[in-house]
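Engineer:
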Amino acid sequence: MGILIKFFKATAILSDVLHLAVWLIWIAICASGILKTTEIDPDFSGWRVMLFYGLPGVIVLLLLFDALRLWFASEQHRMLWLSMLIRTISVVTLIVVVGCLIAPTLHRIYYGNL
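Mapping of the sequence shown onto this note's numbering: position 6 corresponds to residue 6, and the numbering continues sequentially without gaps.
1) Could you check what DSSP says for M84 in three-state terms: helix, strand or coil?
2) Would a C-beta distance cut-off of 8 angstroms place D41 and T105 closer than the cut-off?
3) Return the chain-ordered list of same chain residues with a C-beta closer than 6 angstroms to the C-beta of L55, the five sequence neighbours on each side being excluded.
4) Exposed or buried, what is S90 when buried is set at 16 or more other beta-carbons lying within 10 Å of its beta-carbon?
5) Just curious, the alpha helix (DSSP H) that A41 is in, first and last residue?
6) On the criterion of 16 or more Cβ atoms from any shown chain inside 10 Å, does W47 qualify as buried, or is it exposed?
7) Candidates I25, A28 and F52: which alpha carbon is nearest T38's?
8) To the nearest whole angstrom, what separates the beta carbons of I13 and W71, a pair I think is in contact under 8 angstroms?
In structure tokens form, the structure reads like this:
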């Protein structure tokens, strides 16, 4: 049973690292200027900018905390449901962040304000 528990612990940590890698790639694309936010949405400002750049920072910190928590936790104190919850929040947050940028453009396309 010990090998199975170590396997679950390793896959949970690997999952956190992969989520972290996706978020770091997203932040690098946004910060480098490859993604032209003002061309996609000319009105990109205010609370959408805070969500667009603030939520990834919060999620990166959560994923780092979770990976370190799993790495240093004993078998009795590991809560894998918390890791699954953090990863689910990570995916939902990525959808929200993309929606903050794309939703106004889709609204203009579908409702004719081009």
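Where is the CB? At the ideal position from N, CA and C, for every residue including glycine.
Structural biologist: Quick look at the numbers:
1) Helix.
2) yes
3) T93 and V97
4) buried
5) A small correction: the amino acid at residue 41 is Asp; Ala does not occupy that position in the sequence shown. No alpha helix (DSSP H) contains D41, which DSSP labels as neither H nor E.
6) exposed
7) Ranking the options by Cα distance to T38, first place goes to F52.
8) With a contact defined as Cβ atoms closer than 8 angstroms, I13 and W71 qualify at about 6 angstroms.
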